[in-house]
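In my numbering, the protein residues as written are 5 to 453.
To start, the structure under review is shown below, and the notes come after it.
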Amino acid sequence: MRGLLASSIGVTCAAALTLPLTLPTAAHAAKPAAQESVPGTTQSLPLTPLAVPGTSTRSAAPQQREQGLPRRDVHPFSLVGVVWDNPNTQLHGQVQVRTRTTGTSTWSTWQDVETHSDDAPDPDTAEHTSSTVRGATAPLWVGDSDGVEVRVKAEEPATGTRAADPNAEPLPKGLRLELVDPGQEPAAGAEADSPRATLGAETAAASAVNADLAPLGASAIPALTKRETEDEVIAARGGDADATKARPYVGPRPRIITRKGWGADEKLRERQFGYTKTVKAAFVHHSASGNNYRCSQASSVIRSIYRYHVKSSGWRDIGYNFLVDKCGNIYEGRAGGVTKPVMGAHTLGFNTNSMGIAVLGTFGSSTPPAAAVNAIARLTAWKLGLYGANPRGTTYLKSGGGNLYKKGKNVRLKVISGHRDGFATECPGRRLYKKLGTARSSSARLQGR
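The following block contains the structure:
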């Protein structure tokens, strides 16, 4: 952990993606049993106009308000989303899908897909302006499926307003359905030391940035007691833990499942890491991917979101710095090192000097599990403590531009904020947002405040 807060962590903004956006697949690649893990796949299917009763698709095409994909068989997948060409265009309307469980004739009911696209890189950054970036809905976890149907319907314009302009495009251009297969789970026992030569260059690099915390190739960073954590922070700052009477306000380091642990395919992401200067605040999100997953499936959900963010949305890596499942397990998100101020793509306009934590699930009408709220408290008590931030306090962040605050405005925010505090959105869901006060109090107590 030595060098934890070294000045060298202030690195320039992330480089733009050079990877192709996505590749439609005709079939899944064979899955060799000898491999430690197998990368997933993405099927990208263009949406077409849906016939409206009483009209022809030909006559309705210029003003087509509904697009979709009729029910069809596809190669197995577990997560869905819809993308479109222009990342600065919003999808104003409704997206619904229904899916068929693999190997059965059982179809789900229609499920809503959240159309927000406010988890995103900051405006004017290389990641945001890359030619690979697309507009995107939130992803939805549907479980192992091999049939799909989707419909996208534009919202009705308000009568008597300019929104009713007959020449306006009702839906974004280039709508495509993305079907993501997360691939196989990492092999058991991956927490043991792994020789660098067996990891591959990208995996070794992603693991090496955490080398002060866990062995190379470890699947998890172990938890420390509060005293052990304090001693490491003092040592990292050049002090003598035995001689220092004043102890830092930092919570005990929680156990964190690494990217290696959840099976990240490191060849997907941009190879370089991107950093900001410090961590002044944490933004809490929900993934909006639904609650129909088991904790044993959380790694698959994360691999799917990762692939969706990179291959479908065109980002350099997964957008969140950390993720939390319903059982309270904590996962490393964007690569670059869990102690470092890694630049994320989680809160449009406020990714600089902050971190993003996504709880896997949707919490508008569902109450988040206590284990997940407790995990937020444990994670923030530690990570914010490394940078001297008080979880009960407030701080100032400069807006990079968004729908609440114009670019350049210095905004006062709570150190632990919800996504909606920096951007006009429902995220992290009404019920999770109401739990943030509990998380702040618990986090502060864990820091010893």
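Glycine residues also receive a C-beta, built at the ideal position from the N, C-alpha and C atoms.
* Per the contact definition of three or more C-beta pairs closer than 8 angstroms, is the stretch 148 to 160 in contact with the stretch 96 to 104? -> yes
* To do: Could you spell out where the beta strand (DSSP E) holding Ala210 opens and where it closes?
  => Residue numbering aside, residue 210 sits at position 206 when the sequence shown is read from its first letter. That residue, Ala210, is in no beta strand (DSSP E); its alpha helix (DSSP H) goes 205 to 212.
* Sort Lys249, Gln71, Ala268 by Cα distance to Ala55 and report the nearest one. => Stepping through the sequence shown from its first residue, residue 55 is reached at position 51. Nearest C-alpha to Ala55: Gln71.
* Asked: What's the gap between the Cα of Arg257 and the Cα of Arg320?
  -> Within the sequence shown, numbered from 1, the residue matching residue 257 stands at position 253. Within the sequence shown, numbered from 1, the residue matching residue 320 stands at position 316. Those two C-alpha atoms are separated by around 27 angstroms.
* Asked: Which residues bound the beta strand (DSSP E) around Leu49?
  -> Against the sequence shown, residue 49 aligns to sequence position 45. Here the beta strand (DSSP E) through Leu49 covers 45 to 50.
* To do: Report the option in Gly44, Lys284, Pro176 whose CA atom is closest to the CA atom of Trp88.
  => For the purposes of this step, residue 88 is identified with residue 84 of the sequence shown, where counting begins at 1. Closest by alpha carbon: Pro176.
* Have a look at Gly178 and Gly318 and give me their C-alpha separation to the nearest angstrom. => Taking the sequence shown and counting its residues from 1, one reaches residue 178 at position 174. Taking the sequence shown and counting its residues from 1, one reaches residue 318 at position 314. If you take the alpha carbons of Gly178 and Gly318, they lie about 14 angstroms apart.
* Asked: How big is the Cα-Cα spacing for Ser109 and Pro80?
  -> What you label residue 109 is simply residue 105 of the sequence shown in a count that begins at 1. What you label residue 80 is simply residue 76 of the sequence shown in a count that begins at 1. Rounded to the nearest angstrom, the two C-alpha atoms are 14 angstroms apart.
* Asked: Is Ala376 close to chain D, meaning its C-beta is less than 7 angstroms from at least one C-beta of that chain?
  -> The structure shown contains no chain D; it holds only a single protein chain.
* What's the C-alpha gap between Leu390 and Thr105? -> Mapped onto the sequence shown, residue 390 falls at position 386. Mapped onto the sequence shown, residue 105 falls at position 101. C-alpha separation (whole angstroms): 45 angstroms.
* May I ask you to report which of helix, strand or coil DSSP gives Ser223? => The residue you call residue 223 lines up with position 219 of the sequence shown. Reduced to three states, the DSSP call for Ser223 is coil.
* **Classification of Tyr297 by the beta-carbon crowding that lies within 10 angstroms, buried from 16 upward** => For this step, residue 297 is matched to residue 293 along the sequence shown. Result: buried.
* Buried or exposed (CB count within 10 angstroms, at least 16 for buried), Thr323 -> For the purposes of this step, residue 323 is taken as the residue at position 319 of the sequence shown. Here the sequence assigns Gly to residue 323, which means Thr is not the residue at that position. Gly323 is buried by the Cβ-count criterion.
* Determine the DSSP secondary structure at Asn407, reduced to helix, strand or coil. => For the purposes of this step, residue 407 is taken as the residue at position 403 of the sequence shown. Coil, per DSSP.
* Is the distance from the Cβ of Leu436 to the Cβ of His290 below 7 angstroms? -> As a position in the sequence shown, residue 436 is number 432, starting the count at 1. As a position in the sequence shown, residue 290 is number 286, starting the count at 1. Yes.
* To do: Go ahead and pull the three-state DSSP assignment for Trp266.
  => As a first step, residue 266 is located in the sequence shown; it is residue number 262 there, counting from the start. Here Trp266 sits in helix by DSSP.
* Asked: Do Met359 and Ala286 have their CB atoms nearer than 7 angstroms?
  -> To locate residue 359, count along the sequence shown from 1; it is residue 355. To locate residue 286, count along the sequence shown from 1; it is residue 282. Yes, they are a contact pair.
* Given that a residue counts as buried once 16 or more other Cβ atoms are within 10 Å of its Cβ, and exposed if not, what is Ala34? -> Here residue 34 corresponds to residue number 30 of the sequence shown, with the count starting at 1. Its pLDDT being 36, under 50, Ala34 is placed unreliably by the model, and nothing is read from it.
* Tell me whether the beta-carbon of Arg138 lies closer than 7 angstroms to the beta-carbon of Ser48. => Working through the sequence shown from its first residue, we reach residue 138 at position 134. Working through the sequence shown from its first residue, we reach residue 48 at position 44. Result no, Cβ atoms of Arg138 and Ser48 do not sit closer than 7 angstroms.
* To do: Provide the residue(s) that pair with Asp77 in DSSP beta bridges, ordered along the chain.
  => Residue numbering aside, residue 77 sits at position 73 when the sequence shown is read from its first letter. DSSP output for Asp77 lists Gly151 as bridge partner(s).
* **Whole beta strand (DSSP E) elements within the stretch 296 to 363, 3-residue minimum** => 326 to 328, 334 to 336, 358 to 363
* Own chain residues within Cβ distance below 7 angstroms of Lys439, not counting five before or after -> Sequence index remark: in the sequence shown, residue 439 carries index 435 (1-based). Closer than 7 angstroms at the Cβ level, and outside the excluded window around Lys439, lie Pro372, Val377.
* Determine contact between the stretch 351 to 367 and the stretch 207 to 226, defined as no fewer than three beta-carbon pairs at a distance below 8 angstroms. => no
* Would Leu327 pass as a contact of Ala362 if the rule is Cβ separation under 7 angstroms? -> Within the sequence shown, residue 327 is the residue found at index 323, counting from 1. Within the sequence shown, residue 362 is the residue found at index 358, counting from 1. Yes.
* To do: Could you check if Arg338 is buried or exposed, using at least 16 other CB atoms within 10 Å of its CB as the buried criterion?
  => Stepping through the sequence shown from its first residue, residue 338 is reached at position 334. Label assigned to Arg338: buried.
* Asked: Tell me which same chain residues have a C-beta within less than 6 angstroms of the C-beta of Trp266, skipping the five on either side of it?
  -> On the sequence shown, position 262 is the one that residue 266 refers to. Once the five neighbours on either side are set aside, the close Cβ partners of Trp266 are Ser303, Ile306, Tyr335.
* Can you give the Cα-Cα distance for Gly422 and His350, rounded to whole angstroms? -> If you number the sequence shown from 1, residue 422 lands on position 418. If you number the sequence shown from 1, residue 350 lands on position 346. Approximately 11 angstroms between the Cα atoms of the pair.
* To do: Could you check the C-alpha separation between Gly452 and Gly255 for me, to the nearest Å?
  => Taking the sequence shown and counting its residues from 1, the one referred to as residue 452 is at position 448. Taking the sequence shown and counting its residues from 1, the one referred to as residue 255 is at position 251. Roughly 7 angstroms separates the two Cα atoms.
* Classify Lys387 as helix, strand or coil using the three-state DSSP reduction. => Residue numbering aside, residue 387 sits at position 383 when the sequence shown is read from its first letter. Helix, per DSSP.
* Asked: According to DSSP, is Asp235 helix, strand or coil?
  -> As a first step, residue 235 is located in the sequence shown; it is residue number 231 there, counting from the start. In this structure, Asp235 counts as helix in the three-state DSSP scheme.
* Asked: Tell me which same chain residues have a C-beta within less than 6 angstroms of the C-beta of Val237, skipping the five on either side of it?
  -> Start at 1 with the first residue of the sequence shown, and residue 237 comes out as number 233. So the qualifying residues of the chain are Pro252, Val254.
* Per DSSP, which residues does Pro53 bridge with? Please list them. => Locating residue 53 in the sequence shown gives position 49, where the first residue counts as 1. Its beta-bridge partners are Gln71.
* Asked: If you compare alpha carbons, which of Pro432, Pro161, Tyr310, Ala448 is closest to Asp269?
  -> Numbered from 1 along the sequence shown, position 265 holds the residue referred to as residue 269. If we check each option's Cα against that of Asp269, Tyr310 comes out closest.
* **Span of the beta strand (DSSP E), counted from its first residue to its last, around Gln188** => Along the sequence shown, one-based indexing puts residue 188 at 184. Premise fails: Gln188 is in no beta strand (DSSP E) and is neither H nor E.
* Coarse secondary structure for Arg444, derived from DSSP in three states -> What you label residue 444 is simply residue 440 of the sequence shown in a count that begins at 1. Helix, per DSSP.
* **Beta-carbon contacts of Asp116 that lie in its chain and below 8 angstroms, excluding the five residues immediately before and after** => As a position in the sequence shown, residue 116 is number 112, starting the count at 1. Hits under 8 angstroms: Gln98, Val99, Gln100.
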